[in-house]
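Top to bottom, those sequences are chains L and E. full-length UniProt numbering puts the first residue of the first sequence at 1, with every later residue one more than the last. full-length UniProt numbering puts the first residue of the second sequence at 1, with every later residue one more than the last. Cβ atoms here follow ideal geometry from the backbone N, Cα and C, with glycine treated the same way.
There are 2 protein chains.
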Amino acid sequence: MSINCYQPQQHSATMTQNSTSERTIKLADYLFARLGQLGIQSVFGVPGDYNLRLLDFVEPSGLNWIGTCNELNGAYAADGYARINGLGALITTFGVGELSAINGIAGAYAEKAPVIHIVGTPSRALQDSRTLVHHTFADGEYRRFAAMHAQVTVAQANLIDPRTAAEQIDSTLQQALIHSRPVYLQVPDDMVDVMIPASNLEAKKIQVPPTPRLKYETSILTTVLERIYSAQRPLIFVDGESRALDILPQVDELVKITGWPTWTSTFGKGLVNEQLDNVYGFYAANYGSEPETAYFDSADLVIVLGPHYSNTNTLGYTTIPKQEVSISFSGTAIQIGKDTHRDYSIQQFLTQLLESLDSTRIPKITGPPKPQVDFNHITKSDAITQDDFYRFVDRLFREGDIVATETGTASYGGRTFRLPPRTRMFGAVTWLSIGYMLPACLGAALAQQETNKYKPVNGTGQGKGRLFLFIGDGSLQMTVQEISTMIREKLDIVLFIINNAGYTIERAIHGRKQAYNDIAPWRHLQALSFFGGDEEEAARNNFSARTFGELEEVLQSERIQQGSGLRIIEVFMGREDCQGLLRTLMNTQIAQDAQQLR
Amino acid sequence: MSINCYQPQQHSATMTQNSTSERTIKLADYLFARLGQLGIQSVFGVPGDYNLRLLDFVEPSGLNWIGTCNELNGAYAADGYARINGLGALITTFGVGELSAINGIAGAYAEKAPVIHIVGTPSRALQDSRTLVHHTFADGEYRRFAAMHAQVTVAQANLIDPRTAAEQIDSTLQQALIHSRPVYLQVPDDMVDVMIPASNLEAKKIQVPPTPRLKYETSILTTVLERIYSAQRPLIFVDGESRALDILPQVDELVKITGWPTWTSTFGKGLVNEQLDNVYGFYAANYGSEPETAYFDSADLVIVLGPHYSNTNTLGYTTIPKQEVSISFSGTAIQIGKDTHRDYSIQQFLTQLLESLDSTRIPKITGPPKPQVDFNHITKSDAITQDDFYRFVDRLFREGDIVATETGTASYGGRTFRLPPRTRMFGAVTWLSIGYMLPACLGAALAQQETNKYKPVNGTGQGKGRLFLFIGDGSLQMTVQEISTMIREKLDIVLFIINNAGYTIERAIHGRKQAYNDIAPWRHLQALSFFGGDEEEAARNNFSARTFGELEEVLQSERIQQGSGLRIIEVFMGREDCQGLLRTLMNTQIAQDAQQLR
């Protein structure tokens, strides 16, 4: 809000010619045209009085405006959108808006989602005169929020000069592409419709610059080929930065051409086709099957793609392949054992590697047996358990779907999903800001719908891709209001709410019985109605299950199998029920508590 | 969450003696004992795996733990609590938690609410070895978030050393008291139960240090007294930083002893007794009554208390008294005309001034007439309008209540409330982060309940104070989930939701008909039930009104007059209806749109 009266001006994206015959365009039109060129179709955010005039240009430029309930949710949504679409954008207002969003921007930085954070700021006149306006500390200091964003973005620009604005926009956007990380653009209110040179729009494409061919490239390539041909117990380990490296087609081909045992990290899950015989899915180290761990541990060659070695993505560093047997592709570096070779385009190198591979010389490897899953031990009246729930429901997923698991028991459990091909998955990686996943799914589902990228290729006749989100009741409370935007945008989402009465993951870590891990109980199945869904539809799109029998009925229901829009399934599970690593932690807690009672 | 297994240790606040006979105490016990000494009874926040062990100490130390649905809401709540209680505290976890909260901390900085932001951080071992853990950027850099907080807090400390931790805590807390602004404390996970010296706890009180008596103090006092005695058209202008200066009793006495016409700013509203004959309430300059403006403009002496001259708190700088006739008390400075006299204790100076005042020499002044309010022009079937709504409902308020208006049409309208004595009011001032007010009211209502500070003194027989919050439907969406905490904590709150279909304040500024100022429609009266209220009670505590007749019935109802707990009144008003300055802005928009159609 503001007390300044603006003089709104009519705008149009038509370019004009100035006296020196150079074509010009309004700054906002230039910026949004660039976003469109880079494949962005929707922009997220919240209006505020320093960005209103900027927002006037969004829809006329052909972009959809997706107003979110608050800015943090908008940032999360832009991040989810970027992970599916390749790039996302968020518009906030100075101070209050951008700082509300900053945790989402930080998460995008940590996990490599390229989000363009555009902030509408006070006019240059107000800033230059250090006027004491709202959304500041009334101290005349206008640069604090940019300084804060410099900690969480790879490039920043303050667009105060029409002579350089176009180049600033271009180079900032390019940095987002290069690093697959967020950038920050400030647009003063009076710069929105200032005319700037338009020539770059057609003459200069924004793209990742090519990497010069390096002197030693051939010898490195030869080394890698020889290691492949001579391998006896090789494996491929796909980690999540492969997405940011834009090498998923190359990874797919490598997995198929070698037929080698392939695992992913949490972050990498969903980036390779888990239906292939040689793909084992998530590597769980000590929490997985013994034969797999034995194979992994005794490998003499591990091809590592897009490594991201935080404690949480590596189960406490236990899934990191041994350096001495690894050839690792990350950023612009190829690491062979202890030697790092820098300044390569990984995409280019892998392409060349695949072209050079003599498939007859690739060792044929039989990997360890895959563990079999069955549900013979379950009866209909059994309470739903974390152990069996995830593999029980994963038959719902179809090619083209997106599957997401929020940080908590869901993110641990969801690692055991067996995914259909071309099914993208989001799990908790490193930033682990609970509350992230619900708005991120708003963004991801929207990108899925817009791009059709993840639709089934061979026409299963089952319509477009859906999104399945698994979220705990504690996480849900953080950002629940974005359910209303999912409803408004008519997205096809199935939302599993795991009701286990609080922060179970925290109980497993510390404070199992402490009240601080409790939450207020909500009536989850009233969400669709409260947040504005059609009341009759809402009633039909609500489900709940306490036993596997009830769950089976829900999974078979027409609304879940073939329905559309947002559907909510509340699943009740034990307050201390968890599996995998979390179970080990919880058991330690239980043992300690028992000891104290003695 | 974390993959580290902690070894929980039994703790107790009992002090122990070390070898040199110095008494020691666990760091967390020390910290929470200090908060208790400073009058904090409840602490807000969200658990996260780097603060769990710290949280173990909260309740044993006698503090209440108030878990909020997310960290931004926690920060807002701590701010609201601080404004009523004098000091508030928030506990978050490293990275994700503290950055989610940072916009709330920034708001507390802007509007001078002393909030202690305590962050649980990874252990010193992890930090020292630059281990790549979750809630970081997996780059070994642990200091980014402190750097960001340095922009929005007046003091910061990282408690990594038991030798200095006590002094660091003390001096950081003292800075919060001195500046009435937020501070930042990092507690590594392994420092929580480290023993530190306890002696300060009893030997050294944390307080604002005294100001030395200054050489010129007597002559300044004489000057001020002479100006008071010789005034012909004097007035008192109470602004909001008076709260932070801790001079409200002195202000009250000055207003009573002089009997001079007194106005407040938005920020100052509720800090003086509006039932006194000489108190006019909010000074609206061009949007108020002509005789008041005429008096204000022709004053020959304006005593200004706690000025805060942002554009929004001064209606675009139109309510700032002329410098040449002003004696202004702010921070530690007394400004007489253009001369600034520094390093005074304003509290001490005003106390001395009041002691020195010869009441017989104070000019008796008759102020301008007060505008009369009546509702004769309203009939029962009239739709509710912004113009009349606020004065229509203000008879609900009783001594001891708190009244809050969220940024938007409510904050503009609420300036016209006539408040009973000892009724505190929060309005939109400078930070104006929409979404703030609902969680802030959670904090304020809790402080109100705990302290009894604002209970009626002369026993009206009507029970304890309530809180009335007026909030628009757009703002509500930002932070709506904290309704569940209001329910859980059984706070006596009446929530007026102004349903005008979107961001009306933004429509008044720009984009009157633009879709970006729309929001998804919600079923507000399902909130009590969705967020876990008792279902039968919830049904009875819901109200709605579209006409003044309906509103009158609601106001008269037993549940509103005498009820307890959270009650919701949905009031429907026009999409473009607003009053005061906002109406002027909206009319400008309408005129411009009409012109464009021609």
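For residue i, which option in the options has the closest C-alpha, if you only look at C-alpha atoms?
i      : options                        : result
S475/L : K490/L, A440/L, D492/L, A445/L : A440/L
L432/L : Q207/L, A410/L, T451/L         : A410/L
N85/L  : A113/L, L582/L, E535/L, S356/L : A113/L
M191/E : A383/E, N158/E, Q175/E, G465/E : N158/E
R342/E : R227/E, L214/E, S529/E         : L214/E
F543/E : N273/E, E202/E, R523/E         : R523/E
P162/E : D193/E, H135/E, D139/E         : D193/E
R398/L : D388/L, R422/L, T385/L, Q386/L : R422/L
D170/L : A198/L, R466/L, T379/L         : A198/L
S381/L : A545/L, I509/L, I493/L         : A545/L
Q335/L : D387/L, G306/L, D358/L, T314/L : G306/L
R424/E : F267/E, A110/E, K322/E         : F267/E
T153/E : A110/E, P122/E, T136/E         : A110/E
D492/E : R34/E, R507/E, E450/E          : E450/E
In three-state terms, what does DSSP make of residue i?
i      : result
T121/L : strand
V554/E : helix
F389/L : helix
H341/E : strand
N587/L : helix
K204/E : coil
L301/L : strand
F267/E : coil
M148/L : helix
Y436/L : coil
P234/L : strand
R540/E : helix
S411/L : helix
V480/L : helix
N273/E : coil
E570/L : strand
F296/E : helix
S61/E  : helix
T68/L  : coil
P249/L : helix
F530/E : helix
Y280/L : strand
Q168/L : helix
L185/E : strand
In angstroms with no decimal places, state the Cα-to-Cα distance between residue i and residue j.
i      : j      : result
L173/E : L72/E  : 21 angstroms
T93/E  : V119/E : 5 angstroms
G80/E  : I247/L : 50 angstroms
K364/E : Y76/E  : 43 angstroms
H149/E : R143/L : 14 angstroms
R540/E : F496/E : 15 angstroms
G511/L : I483/E : 26 angstroms
S2/L   : P209/L : Confidence at S2/L is low in this model, with a pLDDT of 37, below 50, so its placement is unreliable and the value that follows should be read with caution. Rounded to whole angstroms, S2/L to P209/L spans 42 angstroms at the Cα level.
V187/L : N273/E : 44 angstroms
So, under 8 angstroms CB-CB, residue i and residue j are touching, yes? Tell me the CB distance rounded to an integer number of Å.
i      : j      : result
P354/E : I257/E : Residue identity differs from the one stated: residue 354/E is Leu in this sequence, not Pro. Confirmed, about 7 angstroms.
L90/L  : V115/L : 6 angstroms
S310/L : L132/E : 5 angstroms
V43/E  : G240/E : About 25 angstroms separates the two Cβ atoms, so there is no contact after all.
L55/L  : Q127/E : With 8 angstroms as the limit, L55/L and Q127/E do not qualify as a contact, their Cβ atoms being about 42 angstroms apart.
Y412/L : L582/L : 5 angstroms
Please determine whether the Cβ atom of residue i lies at a distance below 8 angstroms from any heavy atom of the ligand SAH.
i     : result
A82/L : Absence of the ligand SAH is noted for the structure shown, with no ligands found whatsoever.
Exercise. Touching or not, the stretch 557-572 of chain E and the stretch 358-377 of chain E, by the rule of three or more beta carbon pairs under 8 angstroms?
Worked result: Between the stretch 557-572 of chain E and the stretch 358-377 of chain E, the count of Cβ pairs shorter than 8 angstroms is below three; the stretches do not touch.
Exercise. Counting pairs of beta carbons, one from the stretch 554-563 of chain L and one from the stretch 581-592 of chain L, are three or more of them closer than 8 angstroms?
Worked result: They do not touch, by the three-pair rule.
Problem set entry | Stretch-stretch touch, CB-based, cutoff 8 angstroms, three pairs: the stretch 382-396 of chain L with the stretch 274-286 of chain L | Here the stretch 382-396 of chain L makes no contact with the stretch 274-286 of chain L; the two share fewer than three CB pairs at distances below 8 angstroms.
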